[in-house]
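Undergrad: Before I ask anything, let me first share the structure, which is written out below as structure tokens.
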Amino acid sequence: MSEQNPNRPAATEASSYDVHAVEAKWLPVWEKIDPFRADDEAVVSGTREKRYALTMFPYPSGDLHMGHAEVFALHDVISRYWRFRGYEVMNPMGWDSFGLPAENAAIRNNEYPATYTYANIETQAASMKRYGLSFDWSRRLHTSDPEYYRWTQWLFLKLREQGLAYRKNSPVNWCPQDQTVLANEQVLADGTCERCGAEVTKKELTQWYFKTTHYAQELYDRLDDLQETWIGKVVNSQRNWIGRSEGAHVVFEVESHGPVTVFTTRPDTLFGATFFVVAADAKLADEICAPEQREAFDAYLQEVRKATDIDRMSTERPKTGVFLGRYAVNPVNGERIPVWAADYVLADYGTGAIMAVPAQDQRDYDFAKAFDLPIVRTVQPPADFDGEAYTGAGPAINSANAEISLNGMHVEEAKSTIIAWLEAKGRGNGTVNFRLRDWLLSRQRYWGAPIPVIHCPSCGEVAVPYDQLPVKLPELRGADLKPKGTSPLGAATEWVNVPCPSCGGPATRDTDTMDTFVDSSWYFFRYLSPNDDSQAFDPALARAWGPVDFYLGGDEHAVLHLLYSRFFTKALRDMGLISWDEPFSSYLSQGKVINNGRKMSKSLGNGVSLGDQLDDFGVDAVRLTLVFASPPEDNIDWADVSPAGSLRFLQRAWRLSGDVTSEPGADATAGDVALRKVTHRTVADAAHLVESHRFNVMVAKVMELVNATRKAIDAGCGPADPAVREAAEAVAIVLSLVAPYTSEEMWERLGHAPSVAQTGWPTVDESLLVEDSVTAVVQIQGKVRARLQVAPDVSDADLEAAALADPDVVRAIDGRDVRRVVVRAPKLVNIVV
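In terms of this note's numbering, the sequence shown has 668 at position 683, counting the first letter as 1, and numbering is strictly consecutive.
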């Protein structure tokens, strides 16, 4: 326990609990003693076992809101608990201060991004400190600081050296409102921009990519290892996005063009391929198109470019297309099949072409019906099948040539047989395909890390030398930074025009900036050594602290941020900078704070101001309300909770600490045994509940202990009983996971020096957890008829006899024959009459 506080006030000195006075009292004390600073040496030397607790850092586009309040309150439970259990805890905080959210907010407020962003950072930092969070502020970082993005640029160049960063021309997602490209992951399911909600279109541009597909198989496989420690829906989202599928590459000869390879998961249906489809916006379609079809194709292409990928993939959308005037040769039967351009095939899927098997694929079937194309069934459907395209399993039919017959084979056998035949003939091979595409990272916006590449007419793409990093953003105060489709950096001619590092001739800087997800994909490494100006992070500290033990964030980052962080981690491992494979050992995503069943919004009139709630009820009441409201992963409807009720409970807990009259260090073993049992059971349960992330139930247990202690005092236990002190101290310690101000005040009133956060978790006496008796429920025909107090080790036979002898049970049986008795000692007897 902490040392006794000689300035402890008498129990009668204070009769009311002023939440704001308590906050004003303790905040400067915590800032002075700095109880949450992590000790690198203790971890590197092995003196203490480490725990790295991380919560997603915020965008500084305004002050903290209710969503921040929830995630920080939940995260603080874990961080403080681990510190109580004796671990050396690193719990850092910073700001994801580059990127579209911060830049758009600055533009809306007619502010220069740097001025607006750093002002918001200071506002949020003050709010976080007021909120009583256990962050190690010595590790604070901002991704828009040159000291940070110097290393973002360094990592970009390292990835480029490894062949994991490259530049290419291709159709890209384009946000017409933000006037910038988007990665596939930044387009929502309805085809809109995740940032602004505008409908996303396609545009042909030369852009920078990270080769995430290089790790596609490992990213997919390692999800099996994360299944137990990440929330399940997040793992499934990752797995679906990576989209691994086994099948075959099949080569079709296209007239006047040559061989074209397609990927199919069902090579067993090749004999049913009756036409060939190319994505209208794929380069291949333009190459294949016959001269006489050029006008029709160009007109169709213009229409296709107006549609989003989501629209194009919809099964409800009418099928459209144009014949390209060419034929392909089916490699298994030699038949000439027409080549069409259509919108339901995407340019970035495989080669942008598919073999169409209308009898076994519904979209192909719909297209064939729309354009009167042949349909040949190659899988026998069940006798009762009355649909159109049959996508299930069954014996192969209509699948034979002079050299091979699949007829009668079921799917897997037919697949392996046809793949072997294709490989022998040099017309294809078995392979694995992924839905995952490389990460498009360049943005046509100002507020981001400049891409450290120089374009030279003679030398091509030239990396900025490492000793010239960071490539700092030029000052563009007063410039119009509203999105225009090209980077504002292009107008900074003195910054753009530089000599080539290789030949010395005139050259130009790359004017795109990096997606903010690049910054956030490695920030947890920079926390290890945020002030190191010689390296991105210290590999020795990475070995000691990594990986992150617990990560908390929102569902909205279940694909993008987590996937990109996993990619960076694997790349850094392969560079020899770290030794671990996955960035986050466990991951929990919290729900949202809503109001009256809807997302909080000023336009809906249901917004709730965090600042107002803190002013009205105090920090601890808001934190307690958010943690107690529901399991972490569920949404919280603010209309259904009561911060006023939380405040009343905190006042009861505070009053309890003032009622204790025994001195610190009093021998609790001499105290009331019944109360001590409740106390030790609460502490034991609280530990289990925190570790299983059932924080709301943990709060309920503390509430029960406060009530039990008050009842014990009122029943004559007396405030001088050491068991009352033990209970009050346990309340102060466990409650500090959620309500640090109240707990600190209680701790002082109990005679201890600050801070309660620096004490240890209460020791549990296992002998006090042994139950003298348990309640056995007796049911007859499923209805509860009696409750018996029995020994915990009662036998099935003795429990059955006691149940059948109970007067209430005898009356309920009422002379009827007992057909069966099911006993689950010591808690249940079920009688069937």
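Idealized CB from N, CA, C, for every residue including glycine.
Would you kindly report the start and end of the unbroken alpha helix (DSSP H) that includes Thr760?
TA: No alpha helix (DSSP H) holds Thr760; the beta strand (DSSP E) holding it covers Val759 to Ile765.
Undergrad: Nearest to Asn287 by CA position, among Arg302, Asp271 and Ala275, is which residue?
TA: According to the sequence provided, residue 287 is Gln. The question's Asn does not apply to it. Gln287 has its Cα closest to that of Asp271, out of Arg302, Asp271 and Ala275.
Undergrad: Quick one: residues in its chain with C-beta nearer than 7 Å to the C-beta of Val185, no 5 flanking neighbours on either side, listed in chain order?
TA: Asn158, Trp159, Cys160, Leu167, Val172, Gly176, Thr177, Cys178 and Thr293
Undergrad: Going by DSSP, name the residue or residues bridged to Ser574.
TA: Gly538
Undergrad: Please name the residue, chosen from Thr760, Val817 and Leu458, that lies closest to Asp802 on a Cα-to-Cα basis.
TA: Selected option, being the one with the closest Cα: Val817.
Undergrad: For the beta strand (DSSP E) containing Ser230, list its first residue and its last residue.
TA: In the DSSP assignment, Ser230 falls within the beta strand (DSSP E) that extends over Arg229 to Val239.
Undergrad: CB-CB under 7 Å to Leu118, same chain, minus the five flanking residues each way: which ones, in chain order?
TA: Phe57 and Asp61, listed in sequence order.
Undergrad: May I ask you to report which of helix, strand or coil DSSP gives Gln109?
TA: In the structure shown, Gln109 sits in a helix (DSSP, three-state: H, G or I).
Undergrad: With H, G and I counted as helix, E and B as strand and the rest as coil, what does DSSP make of Trp215?
TA: strand
Undergrad: I'd like to know whether the C-beta atoms of Ala374 and Ala327 end up nearer to each other than 9 Å.
TA: Contact flag unset, no.
Undergrad: Which residue wins for smallest C-alpha separation from Glu34, given the options Asn221, Phe42 and Arg68?
TA: Sorting Asn221, Phe42 and Arg68 by C-alpha distance to the C-alpha of Glu34 places Arg68 at the top.
Undergrad: Return the first residue and the last residue of the alpha helix (DSSP H) that Asn681 is part of.
TA: Phe680 to Asp699
Undergrad: List in chain order: all unbroken alpha helix (DSSP H) runs of 4+ residues lying wholly within the segment 362 to 429.
TA: 396 to 410
Undergrad: My output table needs one value for Tyr350: the three-state DSSP class, helix, strand or coil.
TA: Residue state, collapsed to three classes: helix.
Undergrad: Quick one: Cα of Ala671 to Cα of Tyr2, how far?
TA: Straight-line Cα distance between these residues: approximately 26 Å.
Undergrad: Looking at the unbroken beta strand (DSSP E) that takes in Thr774, where does it start and where does it end?
TA: One point to set straight first is that residue 774 is Gln, not Thr, in the sequence displayed. From DSSP, the beta strand (DSSP E) with Gln774 extends over Lys768 to Val775.
Undergrad: Could you give the first and the last residue of the continuous alpha helix (DSSP H) run that contains Tyr821?
TA: In the structure as shown, the chain begins at -14 and stops at 818. Residue 821 is therefore absent and cannot be evaluated.
Undergrad: What span of residues does the beta strand (DSSP E) with Ser825 cover, start to end?
TA: This structure gives no information on residue 825, because the portion of the chain shown stretches from -14 to 818.
Undergrad: In chain order, which alpha helix (DSSP H) runs of at least 4 residues are fully inside the segment 600 to 674?
TA: 604 to 613 and 628 to 644
Undergrad: Any chance the segment 609 to 622 sits against the segment 570 to 578, with 3 or more Cβ pairs inside 8 Å?
TA: yes
Undergrad: For Phe370, does the count of other Cβ atoms within 10 angstroms reach 16, so buried, or fall short, so exposed?
TA: exposed
Undergrad: Leaving out the 5 sequence neighbours to the left and right, which residues in its chain are closer than 7 Å to Val762 when beta-carbon positions are compared?
TA: Val769, Arg772, Lys812 and Leu813
Undergrad: Please determine, among Arg36, Gly148 and Val645, the residue with the shortest C-alpha to C-alpha distance to Tyr536.
TA: Arg36
Undergrad: Quick check: Ser758 and Pro777, are their CB atoms within less than 9 Å of each other?
TA: Judged by beta-carbon spacing, Pro777 lies within the 9 Å limit of Ser758, meaning their Cβ atoms are closer than that value.
Undergrad: Shortest alpha-carbon distance to Tyr431 belongs to which of Ala476, Gly411, Cys441 and Val755?
TA: Ala476
Undergrad: Work out the CA separation of Asn221 and Ser401 for me, nearest whole Å.
TA: 28 Å
Undergrad: Any idea what DSSP makes of Met560, helix, strand or coil?
TA: coil
Undergrad: What first and last residue would you give for the beta strand (DSSP E) that runs through Ala327?
TA: Arg321 to Ala327
Undergrad: Residues in its own chain within less than 7 Å of Lys114 by CB, not counting five upstream and five downstream?
TA: Leu12
Undergrad: In whole angstroms, what is the alpha-carbon distance linking Phe21 and Gln429?
TA: 40 Å
Undergrad: Counting along the chain, where does the alpha helix (DSSP H) carrying Leu140 start and finish?
TA: Pro131 to Glu146
Undergrad: Would you say Val775 and Leu789 are within 9 Å of each other, going by their C-beta atoms?
TA: no
Undergrad: Applying the criterion that 16 or more other CB atoms from any shown protein chain within 10 Å of the CB defines a buried residue, is Pro739 buried or exposed?
TA: buried
Undergrad: Thr498 and Ala433 - do their beta-carbons sit closer together than 9 Å?
TA: In the sequence as presented, Ala is not what sits at residue 433; that position holds Gly. Yes. Within cutoff.
Undergrad: Quick one: residues in its chain with C-beta nearer than 7 Å to the C-beta of Leu611, no 5 flanking neighbours on either side, listed in chain order?
TA: Ala54, Glu55, Ala58 and Ile621
Undergrad: Who pairs with Trp193 in a beta bridge, going by DSSP?
TA: Beta-bridge pairing links Trp193 to Arg152.
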